[in-house]
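Asker: My questions all concern the structure below.
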Amino acid sequence: DGGITQSPKYLFRKEGQNVTLSCEQNLNHDAMYWYRQDPGQGLRLIYYSQIVNDFQKGDIAEGYSVSREKKESFPLTVTSAQKNPTAFYLCASSIGTGGGYEQYFGPGTRLTVT
Amino acid sequence: AQSVAQPEDQVNVAEGNPLTVKCTYSVSGNPYLFWYVQYPNRGLQFLLKYITGDNLVKGSYGFEAEFNKSQTSFHLKKPSALVSDSALYFCAVRAFNDMRFGAGTRLTVKP
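The listed protein sequences correspond, in order, to chains W and C.
Sequential numbering from 31 applies to the first sequence in this note's numbering.
Sequential numbering from 415 applies to the second sequence in this note's numbering.
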């Protein structure tokens with residue numbers, strides 16, 4: 031998990047509230063990613079960013095928003111429009127988005143919405 | 415589209431025995447393949463990758479993976495399993511600007 035921090039580790043919210051998950055990296059990586067993990071489904075890409083002030087939708091972007099104002103930071107907001115937000119959220123970074131660059135992951139945030 | 419499949423949800427082995435976790439891939443062009451491990455309530459840890467060159471790739475914690483182009487496989491192996499290897503293992507393939515992960519295989523090593 032080294033180099034990428036996510037906070038908080040556990041987060042509880044009431045339905046209808048927006049919530050922002052933090053992701054910070056000190057690896058000087060250009061690319062950052064947000065994934066959602068549900069049991070038995072592997073990881074699904076929500077958003078990714080190749081460079082500051084630029085980001086792209088992944089496979090399941092609906093109900094989520096991101097920003098990339100600094101190279102080190104890529105916060106994810108889970109909005110009230112996300113129909114099933116309870117999940118384990120993972121942030122990752124890599125040197126670049128192409129080729130053989132591996133991704134490095136943070137420890138994750140488990141979000142529970144009731 | 416790039417994708418990987420992990421045909422086994424669960425693999426059980428005895429400590430000291432060799433282990434194999436299977437992965438097959440589908441890509442257009444040259445494959446960039448990865449293995450990650452996840453312990454409970456933790457992020458994924460990178461184990462190894464194949465970009466080009468030798469078909470046998472060595473990685474962290476004694477793991478290795480064999481790339482087989484004709485069978486489009488990239489199986490993860492370890493000669494002697496440890497109880498501490500018990501975890502969830504993910505195979506992944508580099509897509510255009512992101513990475514596609516398999517559904518994961520839960521490895522249980524029994525003493």
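Just so you know, even glycine gets a beta-carbon here, dropped at the ideal spot from N, CA and C.
1. Can you tell me which of THR127/W, GLN80/W, TRP64/W and ARG43/W puts its alpha carbon nearest to the alpha carbon of ALA91/W?
2. What did DSSP end up calling VAL425/C once you bin it into helix, strand or coil?
3. Using a 10 Å radius around the Cβ and a threshold of 16 neighbouring Cβ atoms, would you call GLY443/C buried or exposed?
4. The beta strand (DSSP E) with GLU478/C in it runs from where to where?
5. Let's test the definition: count the other Cβ atoms within 10 Å of the Cβ of ALA61/W and tell me whether it reaches 16, buried, or not, exposed.
6. In terms of residues, what are the limits of the beta strand (DSSP E) holding TYR65/W?
7. Quick one: complete beta strand (DSSP E) runs, 3+ long, within the region 466-511 of chain C?
8. Can you tell me whether PHE104/W is helix, strand or coil according to DSSP?
9. List, in order along the chain, the chain W residues whose C-beta lies closer than 8 Å to that of ALA517/C?
10. Over the uninterrupted beta strand (DSSP E) stretch that includes LYS436/C, give me the two end residues.
11. If the cut-off is 8 Å on Cβ atoms, which residues from the region 428-445 of chain C count as contacting chain W, listed in chain order?
12. Check whether chain C comes within 8 Å of ASP31/W, counting only Cβ atoms and requiring the distance to be less than that.
13. Please report how far the alpha carbon of PHE477/C lies from the alpha carbon of GLU45/W, in whole angstroms.
14. I want to verify the contact list: residues of chain W whose CB lies under 9 Å from the CB of PHE504/C, in sequence order.
15. Look at the alpha carbon of GLY518/C and the alpha carbon of ASP84/W, and state the distance between them as a whole number of angstroms.
16. In chain C, which residues lie with their C-beta within 7 Å of the C-beta of TYR134/W?
Answerer: Considering the structure as presented:
1. TRP64/W
2. strand
3. exposed
4. 478-482
5. buried
6. 61-67
7. 470-472, 478-482, 487-492 and 501-508
8. coil
9. GLY70, GLN71 and GLY72
10. No beta strand (DSSP E) contains LYS436/C, which DSSP labels as neither H nor E.
11. none
12. In this prediction, ASP31/W scores a pLDDT of 48, lower than 50, which makes its location untrustworthy; no coordinate-derived value is stated.
13. 43 Å
14. GLY72 and LEU73
15. 30 Å
16. PHE460
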